[in-house]
Each structure stands twice: as C-alpha cells, then as structure tokens.
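Right, one structure below, let's go through it.
Residue numbers (our numbering): 857 to 1070.
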C-alpha cells in the first residue's frame, strides 16, 4: 500500500488481502468505503483499503493548497484522524471522499497563513511572454492546479476568506458536487449555493470578467 512520510501505517496489506470477506459484502464485489469502515470496527486492518483508495487524491489536494512541504503531513494526519473517528462515520454514505476532504480541510485551516503567503507569492510571479488573457484566468477558477495558477487568479484566491476558499476549491479542485461539499463542510446545501454565488461575484470583480464568464 502507499504510505506517506511519518508514522502513518495501518495493519499489513498482506493481512488485509488474506482476510475473508464479510457476510455483508459479496465476494465478487468491491466493498464500498462505508463497508470497509464498518468492517474496520472489528478488523482494524480493513481501514487500509480506504487509505489505499484515497490517499493519493488527498495528498494532491493538500499539495495544491499548501505546497509539497505540507502535503505529506496533512495526508498522514487526515487518515490518522479518520481512523480514530471511524466509529462516527455515517455508513449510509458509501463514498468517504467528502468526509476525508472535510478532515483534510480542517487540518489545512491550521496552515492558513502558509496558504495565503503561497498564493501571494504566486500572484507576484511574472507572467510568461505569451499572456493568454482574461478568459484563461476565468477558466482557471474552475480547474487550474496551484502550480499553474496565473498571478491574477492567485491574488484573487488570496483575497477570499478561508471559508470561501475552502468551498470554491472543494468544488473546483476536489471535484465535489454541491451536495458532497455541503457534507464535507457540514453546512446546508443552500449555504453552498449562496456562498459560491458570492465567491464567483468576488472573483469576477477581481479579474474584471463579464458575468457570463464566471
């Protein structure tokens, strides 16, 4: 299984791979995240399957937000917290991604200053000779990685509140649906919609884009 630096380890994959399937999980079907978490309450090594499925994705997200110097630590701590709190997981939700992103976001919030400093440094970076214009700045608000952020967009993200940036990037970078973002942040879906509307308006003003382009 994949590991990150530090002491994040779960019981050996060899033990997990040799475990008998539970009665609740057909042997010919992949268990859901919820199934793995539920099984891990009595067989802790089953939680390694959740780590194997999602660690790379959480690591990439933390790296985009904070840079590679913090990504390993955030990923390790995310899965340690999740393992310790797995008994609280709502097993009616088969996909654990929103839950894991919520934990990662709480940990990232402890690095707000580092994130804002990083964005401001990117905002000061010179543009390359072939400036692609405002349209590409707008497109980046939905899909750009931090490594490819254009300076104006980095400055705009730095100007958002932590809560606004968390929501925008869960939708844009983690590719969560509005419902999943609401689950991750533990807020009503109506709040997700209204907050995203305000965030897009802020970005539109900052990037000087027409309304239809955001």
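Virtual Cβ for every residue (Gly too), placed ideally from N, Cα, C. On a predicted model such as this, the values are computed, not experimentally measured, just so you know.
When you compare only the Cα positions, how much space is there between residue i and residue j?
i            : j            : result
residue 1017 : residue 963  : 16 Å
residue 1041 : residue 1033 : 12 Å
residue 942  : residue 959  : 12 Å
residue 1064 : residue 979  : 16 Å
residue 1046 : residue 969  : 29 Å
residue 946  : residue 1008 : 40 Å
residue 921  : residue 1019 : 13 Å
residue 1071 : residue 935  : The chain is shown only over 857 to 1070; residue 1071 falls outside these bounds and no answer can be derived.
residue 1058 : residue 971  : 19 Å
residue 851  : residue 948  : Nothing can be reported for residue 851, as the shown portion of the chain is limited to 857 through 1070.
residue 908  : residue 1029 : 20 Å
residue 1006 : residue 938  : 34 Å
residue 981  : residue 973  : 13 Å
residue 885  : residue 1043 : 33 Å
residue 900  : residue 1053 : 42 Å
residue 1035 : residue 1024 : 13 Å
residue 1060 : residue 944  : 40 Å
Return helix, strand or coil for residue i, following the three-state DSSP convention.
i            : result
residue 923  : coil
residue 886  : coil
residue 945  : coil
residue 898  : coil
residue 965  : helix
residue 1050 : helix
residue 1044 : coil
residue 1006 : coil
residue 1015 : coil
residue 1033 : coil
residue 908  : helix
residue 929  : helix
residue 951  : coil
So the candidates are the options; which of them puts its Cα closest to the Cα of residue i?
i            : options                   : result
residue 902  : 887, 946 and 916          : 887
residue 893  : 956, 1025 and 1027        : 956
residue 1093 : 899, 896, 929 and 900     : For residue 1093 there is no data in the structure shown, the boundaries of the chain being 857 and 1070.
residue 1026 : 1006, 1048, 1008 and 1007 : 1048
residue 889  : 900, 952 and 897          : 952
residue 1055 : 1022, 1031 and 908        : 1022
residue 961  : 905, 1037 and 940         : 1037
residue 905  : 917, 891 and 940          : 891
residue 897  : 940, 1043 and 1028        : 940
residue 918  : 965, 900 and 1044         : 965
residue 913  : 1031, 900, 895 and 944    : 1031
Residue i and residue j: beta carbons closer than 8 Å?
i            : j            : result
residue 1012 : residue 1062 : yes
residue 1039 : residue 950  : no
residue 1014 : residue 976  : yes
residue 967  : residue 915  : no
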